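Worksheet for the structure shown next.
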Amino acid sequence: MEAVIIGVGLHPFGRFPGKSAMDMGADAVRLALADAGVRWPQIQGGFIGSLEVANPDAIVGRLGPTGIPLRGVFNGCATAGTAISMAANAIENGEHDLAIAIGMDKHPRGAFAADPSVAGLPDWYGQTGMFLTTHFFGMKINRYMHDHGITERTLARVAAKNFRNASGNEKAWRRKPLSEEEILASPVLNYPLRQFMYCGPDEGAAAVVLCRADQAHKYTSNKPVRVRASVLRSRRLGAFEVQSPAMPAGEHAPSPTVDASRAAYEAAGIGPEDVGIAQLQDTDAGSEVIHMAENGLCKDGEQERLIAEGATEPGGRLPVNTDGGLIGNGEPIGASGLRQIHEVVHQLRGTAGSRQVPGAPRVGYTHLYGAPGVSAVTILST
Amino acid sequence: MTKTKPVAEELFTWPSDEPRLIGSQCAECGLVAFPAADQCARCGGTEAERRLLSDRGTLWTFTTQGFRPPSPPYDGNDTADTFRPYTVGYIELPEEVLVEARLTEPDPEALSIGQPMRMVVVPYSVTEDGTEVLTFAFAPAGATEEA
Numbered sequence: 419m420e421a422v423i424i425g426v427g428l429h430p431f432g433r434f435p436g437k438s439a440m441d442m443g444a445d446a447v448r449l450a451l452a453d454a455g456v457r458w459p460q461i462q463g464g465f466i467g468s469l470e471v472a473n474p475d476a477i478v479g480r481l482g483p484t485g486i487p488l489r490g491v492f493n494g495c496a497t498a499g500t501a502i503s504m505a506a507n508a509i510e511n512g513e514h515d516l517a518i519a520i521g522m523d524k525h526p527r528g529a530f531a532a533d534p535s536v537a538g539l540p541d542w543y544g545q546t547g548m549f550l551t552t553h554f555f556g557m558k559i560n561r562y563m564h565d566h567g568i569t570e571r572t573l574a575r576v577a578a579k580n581f582r583n584a585s586g587n588e589k590a591w592r593r594k595p596l597s598e599e600e601i602l603a604s605p606v607l608n609y610p611l612r613q614f615m616y617c618g619p620d621e622g623a624a625a626v627v628l629c630r631a632d633q634a635h636k637y638t639s640n641k642p643v644r645v646r647a648s649v650l651r652s653r654r655l656g657a658f659e660v661q662s663p664a665m666p667a668g669e670h671a672p673s674p675t676v677d678a679s680r681a682a683y684e685a686a687g688i689g690p691e692d693v694g695i696a697q698l699q700d701t702d703a704g705s706e707v708i709h710m711a712e713n714g715l716c717k718d719g720e721q722e723r724l725i726a727e728g729a730t731e732p733g734g735r736l737p738v739n740t741d742g743g744l745i746g747n748g749e750p751i752g753a754s755g756l757r758q759i760h761e762v763v764h765q766l767r768g769t770a771g772s773r774q775v776p777g778a779p780r781v782g783y784t785h786l787y788g789a790p791g792v793s794a795v796t797i798l799s800t
Numbered sequence: 007m008t009k010t011k012p013v014a015e016e017l018f019t020w021p022s023d024e025p026r027l028i029g030s031q032c033a034e035c036g037l038v039a040f041p042a043a044d045q046c047a048r049c050g051g052t053e054a055e056r057r058l059l060s061d062r063g064t065l066w067t068f069t070t071q072g073f074r075p076p077s078p079p080y081d082g083n084d085t086a087d088t089f090r091p092y093t094v095g096y097i098e099l100p101e102e103v104l105v106e107a108r109l110t111e112p113d114p115e116a117l118s119i120g121q122p123m124r125m126v127v128v129p130y131s132v133t134e135d136g137t138e139v140l141t142f143a144f145a146p147a148g149a150t151e152e153a
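Order-wise, the sequence lines are chains A and B.
If you read the first sequence in our numbering, its first letter stands for residue 419, the second for the next number, and so on.
If you read the second sequence in our numbering, its first letter stands for residue 7, the second for the next number, and so on.
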């Protein structure tokens, strides 16, 4: 039996001094339950992800200890992809009729700092100043611009779009629009990427309630949103990936994004030409550009023209990151992908308010990518 | 004379007039790995031979580090105020691997994809007793001075 999404809940992303990640998570769950017309004791099982909270399943203390299996999941920036995928699978295979996916995080300010051993890397890699994920993003877009003729102006256009989209989103973090000139005047952090082309780690939570497609009407009059595919893939030998001291010469493999995307399209029976709205991992403006092609939504190099023409603007042919994306919302790792789902569900229902895109999109696409080379793609439809 | 020590053993040959990175090669399928690995990432074989990597290659991509990295794990003896931006990149060693390394040229405008590079050993930190800590880096092949 196919799984459908009947409720979404989002705690704002940003900085919330004095409020714990778990309290934000509980708020997001309550919003999702209310949206779905469901009470917590009806939930039969779920999946919850967080980087900073060691025991995320302790959230049942806030919501009600009902004895259900609430399983902790983690796959870096793709954590929420795992949570939604496992929840949908649990419904499809008959384990649950009503399930929930939850994500929450509360990161300290500044770049993620960790010991390289947590990623299976040698100490010298961190000691000598190479264990920074941001290096990868700078290096990947630098090479991509060289190979495919993408300009710095395009990076600024993407960042400006996402800040502009965030300015119309009351739950976004960075709501001040920034001009392309302001973005191009900000300091270079990792050449060619500048400060205002990056997302930052922050705080927030999101939750999604799913049920069997044939039971959705029992709970809510919301238009159910079908989970057509939800796929996770990890890096292959030869792919250029984050946190890699080396990779083989003359043996190239595509990013796990390409693998996850192809598998998701195939499982859904949907092609990239059918996608009406997309949420793509924009850790930085370059990532959004690259991920357009890696997800099959354009060819390598076409982004230069498409973005200049406004194709990815809210009124364009393929709106991307209509809620501001990671650049506008920041990245609480456990919650980030469920924020993407929240936005796409509202867009597909036609309830996105001032952010509603024209043309009543019927297929929505969400994509995550992160360390240590892992990607999750979820395809939704009406 | 200043005391020196490499940041890690078995990372590059040292002391040496012509230092080389220490990698490994799978005895079964021939895949080259860096740093040296016990198990082959391609065929799963568990027999590998030590292989010194080429000290010449070309720059495949690069970026800059504009602020002092979180410390730990970074252990440069600089501070946020004395930190000097540096560059990192991948150098393609033909028929072997692309290796990620610090570059001796700090100005990204002076670097270009495809340019020839050579391996050097450079100090990147100084311990409390004055010992310079050495790591590997790559320099533009035409450069005569090390950073």
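Yeah, the Cβ is synthetic: ideal placement off N, Cα and C, and Gly gets one too.
Here the structure is a predicted model, which means the values were calculated and not measured.
Straight through space, the alpha carbons of Thr701 of chain A and Ala145 of chain B are spaced by roughly 30 Å. Under the DSSP assignment, Lys11 of chain B falls in the beta strand (DSSP E) whose first and last residues are Thr10 to Pro12. In the DSSP assignment, Thr141 of chain B falls within the beta strand (DSSP E) that extends over Glu138 to Pro146. When rounded, the separation of the alpha-carbon atoms in Ile601 of chain A and Ala703 of chain A is 11 Å. Only residues of its own chain outside the window of five on either side were considered, and among them Pro474, Met522, Asp523 and Gly752 have a CB closer than 6 Å to the CB of Ser468 of chain A, listed in chain order. Looking at the DSSP output, Pro122 of chain B bridges to B:Thr64. Listed in chain order, the alpha helix (DSSP H) elements of length 4 or more contained wholly in the segment 477-555 of chain A are 478-481, 497-510 and 541-545. The beta carbon of Leu655 of chain A is closer than 6 Å to none in its chain, skipping five residues each way along the sequence. In the structure shown, Thr675 of chain A falls within a helical segment according to DSSP collapsed to helix, strand and coil. Boundaries of the beta strand (DSSP E) harbouring Leu109 of chain B: Val103 to Leu109, taken from the DSSP string. For Ala578 of chain A against Glu598 of chain A, the beta-carbon gap comes to about 5 Å, under 8 Å, which counts as contact.
Membership of Asn583 of chain A in the alpha helix (DSSP H) is indicated by the continuous run Glu570 to Ser585.
Boundaries of the alpha helix (DSSP H) around Glu722 of chain A: Gln721 to Ala726. Of the candidates A:Leu451, A:Ile559 and A:Val643, A:Ile559 places its Cα closest to the Cα of His709 of chain A. A distance of 7 Å or more separates the beta carbons of Ile477 of chain A and Val763 of chain A. A distance below 8 Å between beta-carbons, with the five flanking residues on each side excluded, links Glu731 of chain A to the following residues of its chain, in chain order: Lys579 and Pro737.
In the three-state DSSP reduction, Phe658 of chain A falls in the coil class, being neither helix nor strand. Buried is the label assigned to Ser60 of chain B, since at least 16 other Cβ atoms lie within 10 Å of its Cβ.
Closer than 9 Å at the C-beta level to chain A, one finds these residues of the segment 64-87 of chain B: Trp66, Thr67, Phe68, Thr69, Thr70, Gln71, Gly72, Phe73, Arg74, Pro75, Pro76, Ser77, Pro78, Pro79, Tyr80, Asp81 and Gly82. Interface criterion not met: the Cβ of Gln661 of chain A is under 7 Å from no Cβ in chain B.
In the three-state scheme derived from DSSP, where H, G and I count as helix and E and B as strand, Gly743 of chain A is classed as helix. Taking 7 Å as the cut-off, the Cβ atoms of Ser793 of chain A and Pro674 of chain A count as close. By the CB criterion at 7 Å, Leu140 of chain B and Val127 of chain B fall inside the cutoff.
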